[in-house]
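Have a look at the structure below before the remarks.
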Amino acid sequence: MFDVNISKGYVDMPVPEGIDIVSEIEKMKREKNAVILAHYYQSGEIQDIADYVGDSLALAQWAAKTDASILVLCGVHFMGETAKIICSDKKVLIPDLNAGCSLADSCPADTFAEFVKKHPGYKVISYVNTSAAVKAHTDVVVTSSNARQIVESFPVDEKIIFGPDKNLGNYINSITGRNMLLWDGVCHVHSQFSLEKIVELKKQYPDALVLAHPECKRDILLIADKVGSTAALLRFSTQSECKCFIVATESGILHEMKKINPDKEFIPAPPNDSTCACNECNFMRLNTLKKLYNTLKYELPEIKVDEKIAEKAIKPIQRMLDISASLGI
Ligand code: 13P
Ligand code: SF4
């Protein structure tokens, strides 16, 4: 539609001076029948302009339901791919194609396929934080919101490969009593939280409850008062009578936590290295309001998935959506 260069992975065009970027985005959304889906790890300004803000499962569920013609996925690439696979007939855009995921990258599709081949008779459960090509080698996809229930939907003696997050896999093994074979992958944001620093913080805020995403290391999950997906942590903090929380996950979630609970205090768990903003996912934060504006304006960059891969990957994704729907998740 436009001859626009996206060699940098995003539309590198200036935003006209003096415009109200938020109302322009709203206007383009209406004109183009577009929706903006944003993950909780996006910046506050992107979350505020989105039609839906949620965790990975909710993003996939909304993608399956929407009748919009264009979906702008403000999240990382695997989230965009999942949405595109679910709605292959729609245009799925992402503000910056460079928004990858260290966890998804820790599981290259060809190496994973070899690993699966070496273990005949195993069912394959993949975390949604994987490429479409890995999902194509998978029996069922899970997110951190439904991993436990989906694993438990398999017979207790089923042999299972779980990938790529070993922290999430270990956690699910520990709460279900399963012994799934784990891929050795981690998220660089969640694996850097330090138990020592959280314990220090607890001394300053003795009444605070610790909330942790299951991608954190085992020592942190063991001391956490609540372990769960971003949506589950948000729900817990809202329903709890406690007024103070230490949050061990990407700090973007604090925006919605504070918005819903203005009377409560949320403290981001400190990163291991106090000189960096390591509790911010550098991939998630590549999306900006300016890039979002250009994405809607030029309808670029678009997420594309190889048709043959998409044909295979839709099955485990649909299975996840069906199991979740049947369990009311
Ligand atoms: P959620 O399942 O909570 O959305 O987590 C996604 C993610 O990327 C965590 O790092
Ligand atoms: Fe991937 Fe970690 Fe970023 Fe989540 S926080 S998108 S798992 S790199």
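Following our numbering, the numbering of the sequence shown begins with 19 at its first residue and continues without gaps. Even glycine gets a Cβ: it sits at the ideal position worked out from N, Cα and C. All of these numbers come straight from a predicted model, not from anything done at the bench.
Would you call Q60 buried or exposed, if buried means 16 or more other Cβ atoms sit within 10 Å of its Cβ?
-> The residue you call residue 60 lines up with position 42 of the sequence shown. When all chains shown are included, Q60 counts as buried.
Given a cut-off of 7 Å, decide if I88 and A52 are closer than it, judged by their beta-carbon atoms.
-> As a position in the sequence shown, residue 52 is number 34, starting the count at 1. As a position in the sequence shown, residue 88 is number 70, starting the count at 1. Yes. Within cutoff.
Closer than 7 Å by C-beta to H206: which residues in its own chain qualify, once you throw out the five before and the five after it? Chain order, please.
-> For the purposes of this step, residue 206 is taken as the residue at position 188 of the sequence shown. Only S120 meet the Cβ criterion.
In three-state DSSP terms, what is S124?
-> For the purposes of this step, residue 124 is identified with residue 106 of the sequence shown, where counting begins at 1. Three-state DSSP puts S124 in coil, outside helix and strand.
Going by DSSP, name the residue or residues bridged to Y145.
-> Along the sequence shown, read from residue 1 onward, the residue named residue 145 stands at position 127. DSSP, once it has assigned bridges, lists V160 as partnering Y145.
Is the distance from the Cβ of V22 to the Cβ of L318 below 7 Å?
-> Stepping through the sequence shown from its first residue, residue 22 is reached at position 4. Stepping through the sequence shown from its first residue, residue 318 is reached at position 300. Yes; because the gap between Cβ atoms is below 7 Å, this pair is in contact.
Inter-residue spacing [alpha-carbon to alpha-carbon] between Q65 and D114 | To locate residue 65, count along the sequence shown from 1; it is residue 47. To locate residue 114, count along the sequence shown from 1; it is residue 96. Spanning the two alpha carbons is a distance of roughly 16 Å.
Alpha helix (DSSP H) containing A165: first to last residue?
-> Residue mapping note: residue 165 aligns to position 147 of the sequence shown, counting from 1. It spans 165 to 170 - the alpha helix (DSSP H) in which A165 sits, taken as one unbroken run.
Return yes when at least one heavy atom of ligand 2 lies under 6 Å from the C-beta of V245, else no.
-> The residue labelled residue 245 in the question sits at position 227 within the sequence shown. V245: no, Cβ never under 6 Å from ligand 2.
To the nearest angstrom, report how far apart N305 and D175 are at their CA atoms.
-> Looking up residue 305 in the sequence shown gives position 287. Looking up residue 175 in the sequence shown gives position 157. For N305 and D175, the distance between alpha carbons rounds to 43 Å.
Pick out every residue whose C-beta is nearer than 7 Å to a heavy atom of ligand 2: which are they, in chain order?
-> Y59, V94, C119, S120, L121, A122, N147, C205, H206, V207, H208, E233, E268, C299, F301, M302
Which listed residue (T129, A343, I321) has its alpha carbon closest to that of A117 | As a working mapping, residue 117 is identified with position 99 in the sequence shown. Nearest of T129, A343, I321 to A117, Cα basis: I321.
DSSP state of F130 mapped onto helix, strand, coil = In the sequence shown, residue 130 corresponds to position 112, counting from 1. F130 falls in the helix class under three-state DSSP.
Should T156 be counted as a contact of ligand 1 given a C-beta to heavy atom distance under 6 Å?
-> Here residue 156 refers to the residue found at position 138 of the sequence shown. It does not: the Cβ of T156 is nowhere closer than 6 Å to a heavy atom of ligand 1.
Tell me whether the beta-carbon of L314 lies closer than 7 Å to the beta-carbon of M46.
-> As a position in the sequence shown, residue 314 is number 296, starting the count at 1. As a position in the sequence shown, residue 46 is number 28, starting the count at 1. Cβ distance < 7 Å, so L314 and M46 count as in contact.
Y311, DSSP secondary structure in three states = Residue mapping note: residue 311 aligns to position 293 of the sequence shown, counting from 1. The answer is helix: DSSP assigns Y311 an H, G or I state.
Considering only C-alpha positions, which residue in the set K135, A154, Y189, D107 is nearest to I332?
-> Position 314 of the sequence shown, counted from the start, is the residue given in the question as residue 332. Cα-wise, what sits closest to I332 is A154.
Tell whether a beta-carbon distance below 7 Å holds between L227 and Y189.
-> As a position in the sequence shown, residue 227 is number 209, starting the count at 1. As a position in the sequence shown, residue 189 is number 171, starting the count at 1. No; because the gap between Cβ atoms is not below 7 Å, this pair is not in contact.
Which residue spans inside the stretch 210 to 281 form an unbroken beta strand (DSSP E) run of at least 3?
-> 227 to 230, 262 to 266
Say the cut is 6 Å; is the CB of D73 nearer than that to a heavy atom of ligand 1?
-> Sequence index remark: in the sequence shown, residue 73 carries index 55 (1-based). Yes; taking the cut-off as 6 Å, the Cβ of D73 has a heavy atom of ligand 1 nearer than that.
Mapping DSSP to helix, strand and coil, what is K135?
-> Sequence index remark: in the sequence shown, residue 135 carries index 117 (1-based). Note: K135 maps to helix in three-state DSSP.
By a C-beta neighbour count over all protein chains shown, 10 Å radius and 16 as the cutoff for buried, is L77 buried or exposed?
-> Taking the sequence shown and counting its residues from 1, the one referred to as residue 77 is at position 59. L77 comes out buried.
Neighbourhood of V169 by C-beta distance below 8 Å, restricted to the same chain and skipping five residues each side | Against the sequence shown, residue 169 aligns to sequence position 151. So the qualifying residues of the chain are I143, V160, I178, F180, I190, T194, R196, M198.
Going by beta carbon distance, what residues of the same chain come within less than 8 Å of K50, once the five residues before and after it are set aside?
-> Position 32 of the sequence shown, counted from the start, is the residue given in the question as residue 50. Contacts found: S87, I88, L314, E317.
In whole angstroms, what is the alpha-carbon distance linking D237 and I216?
-> To locate residue 237, count along the sequence shown from 1; it is residue 219. To locate residue 216, count along the sequence shown from 1; it is residue 198. Computed Cα separation, rounded: 11 Å.
Regarding S162 and ligand 1, is the C-beta to nearest heavy atom distance less than 6 Å?
-> What you label residue 162 is simply residue 144 of the sequence shown in a count that begins at 1. Under cutoff, so the answer is yes.
Whose CA, out of D243, T129, L91, D128, lies closest to the CA of L111?
-> As a working note, residue 111 is residue 93 in the sequence shown. With distances taken between Cα atoms, L111 lies closest to L91.
Say yes only if the C-beta of T313 is nearer than 6 Å to one or more non-hydrogen atoms of ligand 1, and no if none qualify.
-> Residue numbering aside, residue 313 sits at position 295 when the sequence shown is read from its first letter. No - ligand 1 has no heavy atom lying nearer than 6 Å to the Cβ of T313.
Based on the DSSP secondary-structure assignment, which residues constitute the bridge partners of C92?
-> Translated into positions along the sequence shown, residue 92 becomes position 74. Paired residues: A56.
Examine ligand 4 and report whether any of its heavy atoms sits within less than 6 Å of the Cβ of T248.
-> Within the structure as shown, ligand 4 is missing, the only ligands being ligand 1 and ligand 2.
Return the chain-ordered list of same chain residues with a C-beta closer than 7 Å to the C-beta of P286, the five sequence neighbours on each side being excluded.
-> To locate residue 286, count along the sequence shown from 1; it is residue 268. Correct list, in chain order: V265, S269, L272, N297.
Any idea if T156 is buried or exposed, counting beta-carbon neighbours within 10 angstroms, 16 or more meaning buried?
-> The sequence position of residue 156 within the sequence shown is 138, counting from 1. Buried is the call here.
Expected contact under 8 Å - CB spacing of I104 and I335 to nearest Å | Taking the sequence shown and counting its residues from 1, the one referred to as residue 104 is at position 86. Taking the sequence shown and counting its residues from 1, the one referred to as residue 335 is at position 317. Going by Cβ atoms, the distance from I104 to I335 rounds to 6 Å, so yes, they are a contact pair.
Could you tell me the distance, in whole angstroms, from the CA atom of K220 to the CA atom of F211?
-> The count along the sequence shown starts at 1 and reaches residue 220 at position 202. The count along the sequence shown starts at 1 and reaches residue 211 at position 193. Distance between the alpha carbons of K220 and F211 is about 14 Å.
From the DSSP output, which residues share a beta bridge with F284?
-> The residue given as residue 284 occupies position 266 in the sequence shown. According to DSSP, which records beta bridges pairwise, F284 is partnered with F263.
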